[in-house]
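Undergrad:
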Amino acid sequence: MNTKKQNRFMPLIMALCVIVGILIGTFYANHFSGNRLNIINSGSNRLSNLLHIINDQYVDKVDIDSLVDVAIPQILADLDPHSVYITAKDAQAVADDLKGSFSGVGIEFTIRQDTIRVQNVVKNGPAQRAGILAGDKIVSVDGKPFVGKIVTNEEAMRRLKGPKDTKVKLGVVRYGQKKVKYFTITRGDIPQKSITAAYMLDKNTGYIKVRSFGETTYPEMLIALAQLSQENFKSLVIDLRDNTGGYMNSAVQMANEFLPKNKLIVYMEGRKSPRQDFRSDGHGSYQKLPLCVLINEGSASASEIFAGAIQDNDRGTIIGRRSFGKGLVQQQLGFPDGSMIRLTIARYYTPSGRCIQKPFTAGDTKDYESDIVTRYEHGEFFSQDSIKHQGPAYHTGIGRTVYGGGGITPDIFVPEDTLGMTSYYKQAAMSGLILQFAFTYTDNNRPKLNTFVDMMSLSKYLVQQNTVEQLAAYADKNGLKRRNLMIRKSHKLLEKFINSRIIYNIMDDQAWTAYINLDDPTIEKALEVFKNNEAFPKKPSIKK
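Residue numbers (the numbering used here): 220 to 763.
1. Alpha carbon to alpha carbon, how far is Ala417 from Pro570?
2. When the Cα atoms are used, what is the spatial distance from Ala692 to Leu699?
3. Return the first residue and the last residue of the alpha helix (DSSP H) that Pro791 is part of.
4. Pull up the distance between the alpha-carbon of Val392 and that of Val278, whole angstroms please.
5. Kindly indicate which residue of Ile427, Phe658, Gly651, Arg377 has the alpha-carbon position closest to the one of Arg406.
6. What I want to know is whether the C-beta of Leu459 ends up closer than 7 Å to one or more non-hydrogen atoms of the ligand PLP.
7. Over the uninterrupted beta strand (DSSP E) stretch that includes Leu447, give me the two end residues.
8. Between the Cα of Met487 and the Cα atoms of Gln276, Ser504, Leu478, Lys545, which residue gives the shortest distance?
9. Using only alpha-carbon positions, find the residue among Ile717, Ser267, Ser520 that is nearest to Ala290.
10. For Val621 and His608, what's the separation of their Cα atoms in angstroms?
11. May I ask which residues mark the beginning and end of the beta strand (DSSP E) holding Gln472?
12. Here's the rule I'm using: 16 or more other beta-carbon atoms within 10 Å means buried, otherwise exposed. How should Leu668 be labelled?
13. Cβ atoms of Gln530 and Ile537: under 8 Å apart, would you say?
14. Run through DSSP, which three-state label would Leu552 get?
15. For His502, count neighbouring C-beta atoms within 10 Å of its own C-beta (all shown protein chains included) and say buried if the count is 16 or more, exposed if not.
16. Using the Cβ count rule (16 or more neighbours within 10 Å means buried), how would you classify Asn372?
17. Identify every residue that forms a DSSP beta bridge with Asp408.
18. For Lys398, count the other beta carbons within 10 Å of its own beta carbon; 16 or more makes it buried, fewer makes it exposed. Which is it?
19. Report, in whole angstroms, the separation of the C-beta atoms of Ala565 and Ser542, which I expect to be a contact under 8 Å.
20. Do Gly325 and Ala312 have their C-beta atoms within less than 8 Å of each other?
21. Looking at the strands, I want to know which residues DSSP matches up with Phe402.
22. Answer yes or no: do Arg594 and Glu516 have a C-beta to C-beta separation smaller than 8 Å?
23. Please state if the CB of Thr436 and the CB of Lys428 are separated by a distance shorter than 8 Å.
24. Out of curiosity, what's the CA-to-CA distance linking Gly367 and Asn752?
25. At which residues does the beta strand (DSSP E) containing Leu164 begin and terminate?
26. Starting from Ile591, trace the beta strand (DSSP E) in both directions and tell me its first and last residue.
27. Pick helix, strand or coil for Ala733, following the three-state DSSP scheme.
28. Report the three-state DSSP secondary structure of His502 (helix, strand or coil).
29. Keeping to the same chain, check which residues put their C-beta closer than 8 Å to that of Leu256; ignore five residues upstream and five downstream.
30. Please report the Cβ distance between Gly464 and Ser499, rounded to the nearest whole angstrom; I am assuming they are in contact, meaning their Cβ atoms lie under 8 Å.
31. How is Val313 classed by DSSP in three states: helix, strand or coil?
32. Nearest to Glu450 by CA position, among Leu420, Ile335, Ser719, is which residue?
33. Touching or not, the segment 721–741 and the segment 670–679, by the rule of three or more beta carbon pairs under 8 Å?
34. Would you be able to state if there are at least three C-beta pairs under 8 Å between the segment 711–722 and the segment 464–476?
35. Helix or strand or just coil, what does DSSP make of Leu508?
36. If we call anything under 8 Å between Cβ atoms a contact, is Gly425 one with Leu459?
Dropping the structure here:
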């Protein structure tokens with residue numbers, strides 16, 4: 220009886236086995252053969268599986284890592300202009316810019332004629348302690364020649380930077396000598412200052428130049444303020460021109476120093492990021508100090524957070540030209556290989572509620588990147604009436620009108636100074652000839668130039684040397700034909716540029732900043748505001 224039942228069900232069992240075998244075979248065929256299109260079309264794994272197929276079956280061998288480095292930026296570019304991919308090779312340099320220090324030898328260099336020339340030596344840094352001098356030419360690194368086409372900024376940084384307490388041996392040719400001198404330098408932490416100048420503009424007015432907003436910006440500012448306090452400053456200019464931003468928290472900490480308690484500094488909000496407010500705690504030491512903040516089209520991100528907080532809280536006067544217009548907040552996310560993405564997760568808003576992010580079209584970065592040029596062509600750099608506000612109007616605490624949708628518009632507009640601008644000046648500046656001449660002049664005259672101990676005496680000496688005429692002769696020998704009428708018209712601009720670079724080569728950032736600030740119309744406007752006691756904005760009168 221049991222045998223008959225088994226015979227009856229045998230065909231059904233065999234059919235089921237065949238069906239199961241077909242299903243299993245199809246599964247393995249799709250997963251382990253060349254036909255993977257069903258997986259690719261299944262959803263979010265398509266990109267990953269596409270890379271697997273390319274790696275397995277493409278006609279030539281492909282560097283998948285390089286392919287990813289190309290693909291990810293394209294994907295992020297379709298989101299917004301500030302979501303970016305940073306390769307593992309570039310990640311450390313990006314981190315160093317904001318960290319406040321890096322490990323290296325402590326020199327600033329330029330590359331001329333395929334050779335590293337030491338432009339400046341960090342005071343009390345490893346290179347200075349070892350005996351390296353500005354003007355030295357580095358010709359070998361760790362016993363290997365380092366001259367010729369191999370010398371690039373990237374390769375030089377790779378060889379000179381390194382872990383703290385490691386050693387590097389440099390072969391150096393010094394000015395006036397032919398024999399190579401060798402120096403063994405122990406690498407150390409090199410500070411990256413974000414505040415590059417702090418000095419008195421006059422007997423009452425302090426000045427602080429903030430280059431970027433990094434990890435150490437706030438403590439650097441407190442040190443700068445303490446130094447100015449020693450000179451009894453009674454008003455303050457904070458210069459954020461060409462400061463492209465950095466850490467938001469640093470801008471918040473700085474603003475807190477000048478605002479009364481419980482004032483909104485900035486808030487951020489996004490689809491997955493609930494609103495987060497940042498308010499002053501009332502512990503700031505300079506809540507009633509007359510304040511002017513300088514901005515221009517190069518001021519972005521954290522610079523705009525600070526300027527917006529001061530403006531919307533009617534705490535000080537903003538002077539200059541309309542800022543860049545970056546109101547997007549990025550979060551840094553790392554990959555196991557050391558690369559990372561900066562992904563936009565929220566927008567930030569000034570206290571009045573305005574988002575100052577300028578308009579953009581996702582995936583189209585061309586118009587966004589050329590926005591500054593467009594502003595220039597429309598005359599915005601020269602006339603306040605040419606500023607086109609694309610966002611709605613908002614109001615500060617006392618009722619002043621401010622605008623969103625494209626940067627911080629200053630309270631006092633200062634046009635760009637184009638007096639003396641000629642095509643000769645543009646060519647000399649943009650070709651790098653002025654920088655090359657300034658370094659050559661510095662190198663050839665170092666013994667004399669090193670005798671000057673302050674910026675003013677050195678600048679007076681350089682005027683007597685007629686550096687403009689020397690540049691014209693140098694440029695004529697190096698491909699830029701002399702144009703006497705244009706040189707006369709641009710004489711003041713040329714002299715300022717040339718002499719500023721020579722001062723920078725011999726002295727430091729602060730001396731250079733102090734020199735270029737001489738006769739600066741934006742600085743002069745700030746001093747005028749303080750003189751007239753107009754640093755604190757006034758409530759607008761009601762129009763009947």
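Glycine residues also receive a C-beta, built at the ideal position from the N, C-alpha and C atoms. Just so we're clear, the structure is a prediction, and the values are computed from it rather than from any experiment.
TA: Taking the definition as stated:
1. 28 Å
2. 9 Å
3. With the chain covering only 220 through 763, there is no way to say anything about residue 791.
4. 52 Å
5. Arg377
6. As far as ligands go, the structure on display features none, and thus does not contain the ligand PLP.
7. Per DSSP, Leu447 belongs to no beta strand (DSSP E); it is in the alpha helix (DSSP H), 436–449.
8. Of Gln276, Ser504, Leu478, Lys545, the smallest CA-CA separation from Met487 is found for Lys545.
9. Ser267
10. 10 Å
11. That residue, Gln472, is in no beta strand (DSSP E); its alpha helix (DSSP H) goes 467–475.
12. buried
13. Closer than 8 Å, so yes.
14. Note: Leu552 maps to strand in three-state DSSP.
15. That one is exposed.
16. Result: exposed.
17. Ser322
18. exposed
19. Not confirmed; about 19 Å, so no contact.
20. no
21. Looking at the DSSP assignment, Phe402 forms a beta bridge with Leu389.
22. Taking 8 Å as the Cβ cut-off, Arg594 and Glu516 qualify as a contacting pair.
23. no
24. 59 Å
25. Look at the range of the chain in this structure, 220 to 763, and you will see that residue 164 is not part of it.
26. Ile591 -> not in any beta strand (DSSP E); alpha helix (DSSP H) instead, spanning 590–596.
27. helix
28. coil
29. For Leu256, the predicted model reports a pLDDT of 42, less than 50, meaning its position is unreliable and no value from the coordinates is stated.
30. Going by Cβ atoms, the distance from Gly464 to Ser499 rounds to 20 Å, so no, they are not a contact pair.
31. Helix, per DSSP.
32. Leu420
33. yes
34. no
35. In the structure shown, Leu508 adopts coil according to DSSP, grouped into three states.
36. Between Gly425 and Leu459, the C-beta spacing is not below 8 Å.
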